[in-house]
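Protein chains in written order, with UniProt numbering: chain D, 1 to 602; chain S, 1 to 602. The beta carbon of each residue, even a glycine, is placed where N, CA and C say it ideally should be. Note that the structure is predicted; figures quoted are calculated from it, not measured. Reading through the structure tokens given below for one structure.
Protein chains: 2
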Amino acid sequence: MLKILETAMSYRAPVRDLAFALEAVAGIDQVAATGAFADYDADVMGAVLEAAGQFSEQVLAPLNRPGDLAGAKYADGAVTAAPGFVDAYKQFAEGGWTSLTASVEAGGQALPKALELAAYETVHAANMAFGLCPMLSLASIEALEAVGTDHQKTTYLTKLVSGEWTGAMVLTEPHAGSDLGALTTTATPNGDGTYALNGQKIFITWGDHDATDNIIHLVLARLPDAPAGPKGISLFLTPKFAVNADGSLGERNAFHPVGVEHKLGIHASPTCVMAYEGARAELVGRPNEGLAHMFVMMNAARLAVGVEGVGIAERAYQHALAYALDRRQGRSVWTGEKNAPIFDHPDVRRTLGVMKAKIAAARAICLSTGVAADLAKHAATEAERKAWKGREDLFTPIAKAWSTDIGCEVASLGVQVHGGMGFIEETGAAQYYRDSRIAPIYEGTNGIQAMDLVGRKLSMDGGESAHALIADMKATLIEIDRLYVGKPVERLATAIEAVEDATLWLLDAKADATRAADVLAGADAYLKLMGDVVGGWMLAKGALAAKARLDAGNGDPVWLQGKLDLYELYAANVLGHVSSRLAAVGQGGDLLQGLSVEALAG
Amino acid sequence: MLKILETAMSYRAPVRDLAFALEAVAGIDQVAATGAFADYDADVMGAVLEAAGQFSEQVLAPLNRPGDLAGAKYADGAVTAAPGFVDAYKQFAEGGWTSLTASVEAGGQALPKALELAAYETVHAANMAFGLCPMLSLASIEALEAVGTDHQKTTYLTKLVSGEWTGAMVLTEPHAGSDLGALTTTATPNGDGTYALNGQKIFITWGDHDATDNIIHLVLARLPDAPAGPKGISLFLTPKFAVNADGSLGERNAFHPVGVEHKLGIHASPTCVMAYEGARAELVGRPNEGLAHMFVMMNAARLAVGVEGVGIAERAYQHALAYALDRRQGRSVWTGEKNAPIFDHPDVRRTLGVMKAKIAAARAICLSTGVAADLAKHAATEAERKAWKGREDLFTPIAKAWSTDIGCEVASLGVQVHGGMGFIEETGAAQYYRDSRIAPIYEGTNGIQAMDLVGRKLSMDGGESAHALIADMKATLIEIDRLYVGKPVERLATAIEAVEDATLWLLDAKADATRAADVLAGADAYLKLMGDVVGGWMLAKGALAAKARLDAGNGDPVWLQGKLDLYELYAANVLGHVSSRLAAVGQGGDLLQGLSVEALAG
């Protein structure tokens, strides 16, 4: 009904911020220094980000709202992508965006993971529903590169890398979600080395569509003689269409979608219910090790979901900023202007500044995780690779959960900045609020991430990775002490101390098998504590780098000063949370155990 | 697509919790003790809550999801309510639910405001879109009781009280939202004592519908000779159909809806764009004092919106609790059960417990504000009435903003508890997430509430009301010290101290005219601090009352023990926020003022 701001509906890829995060905070130069990425240098980074940003702005962003309105459609056993999506996907594949990090042997460009993540942030920001399609192909690529046979690599992997086909992750069943060990889909040997899959799967993102000729499903199922539970699950590959020896497509396989879900958001991403009725499949990797193989792609997907959170937050933030600059109400206490832009009201500017600071923090966490993943594979020594692998593992659940929480929070604040207009669907802010809400849920709920962090990641190496992180943060604190006076320093110091206290408390509790519930009761708070503090550390590193550039006269001084200010804003508005997080980490399980259904039911 | 839990979709009015909040926390006995409510006693309270709960459960709740799907419809200059809503409204009016607090002279039941709020919580929980219709009638009733002429009372007020007609608040224009002073709708004298209204209004909730024969609009507009800005706004009453001297309806008035908005949520509540084209109107109250008159109903509406937040949170919570008891995944660390209800996982139970505790806190704040409103009118002495008015004024922005933030937060956690199912619209959790999002926006955004709190309410009486509150909280602290040991006591002590520090800091800053931006920069954090701490105080009062009942063997011991546990859980998970809030209160405006568009734009 109401006039919408055309300008606010457009998306501008934050190329300068992305490059800053990669270079000045995440340290992508260390990745380049390994020599493992022959085709990578700073110029390539700039070119990739520019090109990705342009594609996202010009091709993907304009399809976002129409895709939300039309949605993907199911009819007669097949899914049709939302209008414009098939053509956009073909351009996307032709542009080489599905092959950035794949190996040269598989037809890829062998670029760093961290760069791919930065490029994909613009994809998810422009069109989160679209971005899910290639995101799942990338995860499939990662799994096949790791454990695929030569035949599987030649036949399927190369087509996923080229983007001619897409990949889907097929895990969940109605009674096996967070607990995949409960799944019941069966794989029966056909006698010729292939298997027949039978079962029903749900929540299969882009499980069917009309954007490519073929779709490769990576499916978790049980062999006939498999042990019960998680140790009896194997990974299978089943193509929508059989692939002949010459690479041409053969007959349609025996699986098909039986419907798509009606969802709160990401309407243009088909979430399929899939039926496998004797679908011909190949084993991928080793029998009964399917969960481990799947976790190769799951970890990549979790980090990618974290980047989704950053992307949707950036989109929502830009929308809100544009509105705040355009919308005029009331007198500004700063400028004295009557009917001033609401940007000139302190509470609105604080809101926008905190949104921006949190986005920068989440972005830096995700890209740092990407850098760690690159270095875990390519750092010079075994010891370095192990240390970086520890950092990657420790950061992955934080990157996933904290960034997706930020995605929802920033999208909600974006609605709020718009006032009443934010609640009107035509404005666009509401879509981000709806779309963002899935990211804390899929690829392992954020509660599962917290359990992964305290249950596995924290103690996987006796706490070594956590202590290494604390040491790194303390090193930055010393430098920050030369940059700021008073509270911005004290707050980071207190925050790092809180991480140390919480870490020691948890490691202690974990050493006592009777205290499992204490550990789990504090898991969510510990993850949030880590996110808040690591995020602050990232902004502090950004502030130090900005100061160095300012001193060297290297770059736009207003924009660089912004990096220093954002750290300070974050310190005042976010780092204070740590005492609350610390209290909740240590709350213990007893009180919770005593909370009865009767008391909770009212 | 997926089987939904029928049980989870139903709503059960929390009558026992509501009665506990009224009696044990808000202190409704003080209202009864004034003697001003002749027909009120504890039995009446119980009967009203039971009957309201039953109506909400049986008539309103079943219409909630169908109403979301169908929505209110606009066609050919008229709005049609969602299916079933007209009949439900007629039953609602016949049940006397529109007349609870109105004066006996106007045909009302003259019951306490606090009781009405408790009864309406069940209405909003069952069907938030429906509840908005009578909520706005109640606000109109309040305005006409306060400043209507005898003619207006006889002609319009009685019909609003009986529910035969509904009322609408008509304030916003495209360029006059938070800043109503900018509105341009005109009122031109017709020469016969009536006025002709001309202008366009937006966001008019239930501005048109087919549930009643007539609709009474209370409209803000400008007289020809009115001063510019907020001091030139008058309040007018204009009926959809003229009312003849005998009370029968005459000709259709010259205003009509020109469309309804497509919104994120509350689809069954028509949000109308209204055009007034010479609509015949009466002046209500005094010329150019329209804003002051409107604020009589605005304050009532703000408190009612706070209750909406509580209601939608309660609904989302019940839904999530039912799912958590039904859904089985993984082994419980407590019971050892394999494939245990997710309720038996510590993080899920913590989530549910914190949801419940926050709802109880928000409910108690809202109902305490209602009690304060009742006592502000009816307490024995002028000094008492003044003190209670101060409490009501201080609490109103907190009740509105903090409770509606809780509404969104709990609705979001409700989605999360459902995992992937939460994102599927059929499950129902997503609707609460969508519906709840409007409450922090309308009747003054929560940012506006924060400005009201620090700008007007805090210092209206030299800070006396704030100091009285702090003194009351300290008195409870002494009692709590006898009930708990260690942290539950320390945390409340620290929290009250934080309120005191923040209050003094703000009063100090407010005394310096050059520090207006400092005050505004801390406004949001101060409101949140107050909400967190006052909420904790409310739960502490509940714990004390529960302990007394336990000791007296008066009531279900499991349920009463829950009140003690909820305070403790809240202390561990929420009260720790205060140090963060305190830091943000005092952040000052300078850093924000320096944050340039260029820095924020990336």
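Between the alpha carbons of residue i and residue j, how many angstroms are there, rounded?
| i | j | result |
| --- | --- | --- |
| D:A58 | S:R16 | Per the sequence presented here, residue 58 of chain D reads as Gln, with Ala not at that position. If you take the alpha carbons of D:Q58 and S:R16, they lie about 57 Å apart. |
| D:P62 | D:Q318 | 15 Å |
| S:A361 | S:L566 | 10 Å |
| S:E256 | S:G35 | Checking the sequence, you will find His at residue 256 of chain S rather than Glu. S:H256 and S:G35: Cα-Cα distance of roughly 45 Å. |
| D:Y11 | D:I438 | 21 Å |
| D:F20 | D:A364 | 9 Å |
| D:S579 | S:A429 | 31 Å |
| D:T158 | D:S103 | 10 Å |
| D:L117 | D:S436 | 18 Å |
| S:A13 | D:L223 | 49 Å |
| D:S459 | D:Y526 | 14 Å |
| D:L183 | D:I448 | 18 Å |
| S:M45 | S:G390 | 26 Å |
| S:V310 | S:G407 | 6 Å |
| S:G535 | S:E490 | 16 Å |
Beta-carbon of residue i versus every beta-carbon of chain D: anything under 7 Å?
| i | result |
| --- | --- |
| S:T122 | no |
| S:L5 | Note that S:L5 scores a pLDDT of 42, beneath 50, so its modelled location is shaky and nothing firm can be said. |
| S:R350 | yes |
| S:G589 | yes |
| S:T369 | no |
| S:I441 | yes |
| S:E409 | no |
| S:I438 | yes |
| S:P14 | yes |
| S:A498 | no |
| S:Q593 | yes |
| S:F203 | yes |
| S:T445 | yes |
| S:D17 | yes |
Kindly indicate which three-state DSSP category residue i falls into: helix, strand or coil?
| i | result |
| --- | --- |
| S:Y484 | coil |
| D:S412 | helix |
| D:G278 | strand |
| D:I312 | helix |
| D:P341 | strand |
| S:L183 | coil |
| D:K240 | coil |
| S:A349 | The sequence shown places Arg at residue 349 of chain S, not Ala. Correct three-state label for S:R349: helix. |
| S:G42 | The displayed chain sequence assigns Ala, not Gly, to residue 42 of chain S. In the structure shown, S:A42 sits in a helix (DSSP, three-state: H, G or I). |
| S:R286 | coil |
| S:P62 | helix |
With 7 Å set as the bound, which would you pick, yes or no: does the beta-carbon of residue i sit closer than that to a beta-carbon of chain S?
| i | result |
| --- | --- |
| D:G177 | yes |
| residue 605 of chain D | Here chain D comprises residues numbered 1 to 602, so residue 605 of chain D is not present and cannot be evaluated. |
| D:W206 | no |
| D:I359 | no |
| D:Q200 | no |
| D:I406 | no |
| D:E568 | yes |
My guess is that residue i and residue j are in contact by the Cβ rule of under 8 Å, so how many angstroms apart are they, rounded?
| i | j | result |
| --- | --- | --- |
| D:M169 | D:L218 | 6 Å |
| S:A583 | D:G576 | 4 Å |
| D:A468 | D:A599 | Actually they are not in contact, since the Cβ atoms of D:A468 and D:A599 sit about 43 Å apart, beyond 8 Å. |
| S:C366 | S:L413 | S:C366 to S:L413, Cβ: 20 Å. No contact. |
| D:F241 | D:A221 | Not confirmed; about 20 Å, so no contact. |
**Request:** Return the chain-ordered ranges of every alpha helix (DSSP H) run that is complete within the region 498-559 of chain D and spans a minimum of 4 residues.
**Result:** Restricting attention to alpha helix (DSSP H) runs no shorter than 4 residues, the region 498-559 of chain D encloses them at 516-521 and 523-551, ordered along the chain.
**Request:** Can you check the region 362-414 of chain D for any alpha helix (DSSP H) of at least 4 residues that lies completely inside it and give the ranges in chain order?
**Result:** none
**Message:** To test your reading of the DSSP string, which unbroken beta strand (DSSP E) runs of 3 or more residues are found completely within the region 156-218 of chain S?
**Reply:** 166-170, 186-189 and 195-205
**Item:** Length-filtered (4 minimum) alpha helix (DSSP H) runs lying within the region 83-124 of chain S
**Value:** 85-94
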